[in-house]
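Note sheet for the following structure.
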Amino acid sequence: MLDLLIRNARIVDGTGAPSFMGDLGVQDGLIRSVGAPDGRTAERVIDAEGLALAPGFVDPHTHYDAQIAWDPLLTCSPWHGVTTVVMGNCGVGVAPVKAGTREILMQDLVNVEAIPYDVMKAGIDWQWESYGEYLDAIDRRGLGINVAGLVAFTPLRHYVMGEASFERAATEGEIDTMRRLLREAVEAGAFGFTTTTSRNHVGYQGRPLACRNASRDELTGVVRGLHDAGRGTIEIILNSGGMHAVSDEDLELLRQITRASGRPVTWLALFAHPGQPDFHDQTFARLGDLVKQAIPQVTPRPIMSQGDLKNPTMFGSFVSWQKVFNRPPAEQMVLYRDPAFREAFRQELESRKRGHMWGQMRVLEVGKPELAEHVGRTLEEIAAGQGKRPVDAYFDLGLADDLNTRFQSSTFNFDPAGIERLVTDDRCLIGLSDGGAHVDFICDVGYATALRPLGAPAPGAEPREGGAQAHAGPGHHLRHPGPGRPGRGQGGRPGPLRSRHRDGEDAAVRLRSAVQRPPAGLGVGGHQGHVGGGRPALRRRQAHRGHARAHPTQRGIGHRFLNAGITWAEKRSSCSRMTACGVPTG
Ligand SMILES: [Zn+2]
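Reading the sequence shown from the start, the letters are residues 19 to 604 in our numbering.
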């Protein structure tokens with residue numbers, strides 16, 4: 019007798035093979051049978067009524083390190099069919115930690131990832147010091163989905179170097195200690211290592227994030243800890259890339275860390291470049307052979323953020339904005355009126371090559387009804403109508419509205435044709451959701467349900483099946499940890515991450531993202547009436563421990579299963595066509 023039987027499902031097995039109708043049986047947390055009905059019964063039977071049943075999505079880029087302390091379900095990722103997340107990322111995290119550096123780690127997360135301080139203060143119980151103890155603590159609490167954690171360089175430096183981490187590169191002795199701690203963390207179940215070299219990353223007390231003080235020798239010395247452990251992966255934010263070419267300096271950096279660690283690296287980021295269709299090919303040409311070991315992260319959505327001028331977190335990394343934070347609105351308004359402040363901001367936008375932002379930034383909501391005419395317009399349009407510079411139109415509108423105007427901006431990756439080229443390219447890794455971060459102004463965890471159709475037919479056209487492995491891409495470089503918990507005892511197992519719902523497969527085989535190409539009648543993407551609806555524009559706000567929180571809505575995902583437990587079940591709406599499955603095969 020099986021524990022769970024899902025009958026009458028259109029099974030998409032994640033291999034790229036055509037979908038087929040069949041049953042799927044689960045026992046003791048493992049998939050035991052897939053295929054035609056074999057007469058077996060189960061304690062719990064679910065009739066899928068022809069809905070698609072697919073492996074859950076793996077989100078390789080989240081920041082749930084703090085949130086996991088109070089929300090084991092890691093909302094809102096599972097809503098979108100995500101059954102595994104990699105957390106850590108971008109060089110910030112909560113372990114290892116000494117009592118005296120907790121405050122610094124939280125403030126780093128406030129500044130870099132815009133996670134509200136009081137939420138962390140109330141929610142984290144700090145039952146750990148080492149990274150392994152951190153994994154033990156979240157394990158004890160129980161997890162709603164699969165989690166893999168990266169050891170972040172900033173906490174590691176604070177832990178080993180103390181105050182000096184803000185001031186200098188590590189000594190040889192300190193490098194050796196960090197190398198050893200990284201190896202021990204990976205042996206205790208960590209998934210790898212993460213850092214940033216981005217000049218935009220400012221941490222505690224507005225000082226450069228401590229990991230940026232590392233010398234090249236230090237960084238390559240520390241990542242040797244992965245070489246020592248013989249496993250793990252690296253995530254790094256480069257100073258270049260994005261909508262611009264990867265610099266020679268960063269190429270050399272990637273070469274050095276892949277060589278020193280002997281492990282795969284995923285780097286941020288590669289965005290679509292409007293009007294330059296061969297931009298990503300040029301990037302790969304520059305990477306040359308390195309692309310096999312140094313994989314760019316891409317996203318199927320424009321990078322969208324929203325906010326108002328009272329809490330302008332979308333400019334949290336801007337030097338010119340630092341004096342705006344933690345001030346009452348009356349003082350903020352004085353700054354916003356100041357021509358010198360406006361000019362400093364304008365120049366910083368130019369220096370960051372983001373002068374194009376005004377054509378992408380729109381008014382989302384206004385406080386005063388008489389300003390309603392601006393809703394939906396871009397700042398460029400408003401400025402043209404008023405005969406002023408966009409930067410002035412922006413602050414003038416905010417001031418006229420007592421700072422209540424809410425703006426939405428898609429500053430990167432807004433070219434649909436370019437996005438499609440990236441997400442269908444096997445050399446890229448789809449990620450960048452930043453789940454758990456930027457709480458009140460970005461929530462891209464819905465990318466899984468917002469994936470563009472990837473060659474899927476327009477509604478009503480002849481459907482195509484099978485084939486594309488876009489989301490699967492180079493994810494196989496990532497070693498997968500154990501189910502429902504961070505990689506205990508299994509992290510070193512060689513071989514690709516697979517998720518094939520096949521009878522008799524290795525019990526340790528886990529899920530991988532599946533829905534690369536929709537089976538007949540199933541659209542993955544933003545078309546109405548298809549799976550998806552994690553549409554960028556649809557962002558409701560809800561309380562997040564008392565804080566506003568942006569989150570994308572989704573329609574179309576019915577149940578999510580994880581290791582035979584049902585993580586999420588809801589009434590299917592008429593357009594519900596898919597179920598995300600995180601049950602390993604066995
Ligand atoms: Zn990140």
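Every residue, glycine too, gets a C-beta built ideally from N, C-alpha and C.
In the assembly as shown, H392 is a buried residue. Its beta-carbon has 16 or more other beta-carbons within 10 Å. Going by DSSP, N257 is part of the beta strand (DSSP E) stretching over 251-260.
Note on P408: 16 or more other CB atoms within 10 angstroms of its CB, so buried under the neighbour-count rule. For G280 and H262, the gap between their C-alpha atoms comes out near 27 Å.
For C229, the shortest separation between its Cβ and any heavy atom of ligand 1 does not lie below 6 Å. Assignment of Q125 by DSSP, reduced to helix, strand and coil, places it in the helix class. CA-CA distance, G167 to D46, rounds to 25 Å. Around the beta carbon of D143, fewer than 16 other beta carbons lie within 10 angstroms, which makes this residue exposed. Residue pairing by DSSP puts M105 in a beta bridge opposite G167.
Secondary structure note for M196: its alpha helix (DSSP H) is the uninterrupted segment 190-205.
Residue environment analysis places N129 among the buried positions, since at least 16 neighbouring C-beta atoms fall within 10 angstroms of its C-beta. Distance from the C-beta of N107 to the nearest heavy atom of ligand 1 is below 6 Å. A362: member of the alpha helix (DSSP H) spanning 357-369, first to last residue. At a cut-off of 3 residues, the continuous stretches assigned as beta strand (DSSP E) that sit fully inside the region 68-115 are 70-73, 75-77, 100-105.
A contact is defined here as three or more CB-CB pairs under 8 Å, and the region 325-336 meets this definition with respect to the region 423-432. Scanning its chain for C-beta atoms nearer than 6 Å, with the 5 sequence neighbours on each side dropped, one finds around T284 the residues E253, I313, Q315, L447, in chain order. The beta carbon of I193 sits closer than 8 Å to the beta carbons of D235, E236, G239, V240 from its chain, once the five residues preceding and following it are set aside; these are given in chain order.
Nearest to A418 by alpha-carbon distance, out of T317, L389, F432, is L389.
Among the bridge pairs identified by DSSP, S51 is matched with G43. Residues N129, P226, L227, S335 of the same chain have their beta carbon placed closer than 7 Å to that of V220, with the five preceding and five following residues left out of the count.
If you ignore the 5 residues before and after R304, its C-beta comes within less than 8 Å of the C-beta of A263, V264, L269, all in its own chain and listed in chain order.
Boundaries of the alpha helix (DSSP H) around E399: 397-404. Residue V165 holds the alpha-carbon nearest to the alpha-carbon of P90 among E267, V165, L382, K116. Looking from the CA of V44, the closest CA among K116, S323, P282, L20 belongs to L20.
When DSSP states are grouped into helix, strand and coil, M138 belongs to the helix group. Going by C-alpha positions, Q300 is about 11 Å away from L288. Shown here for S338: same chain residues with a beta carbon closer than 6 Å to its own, the five before and five after excluded, namely A362, F363, E366 in chain order.
Two segments are said to touch when three or more pairs of C-beta atoms, one from each, lie closer than 8 Å; by this definition the region 31-44 does not touch the region 396-412. For D410, the enclosing alpha helix (DSSP H) covers residues 408-418. Under DSSP, the beta-bridge partners assigned to I64 are I24. Nearest C-alpha to D356 among V342, I122, P346, V137: V342.
Contact between I133 and H176 is absent: CB atoms are separated by about 17 Å, not below the 8 Å threshold.
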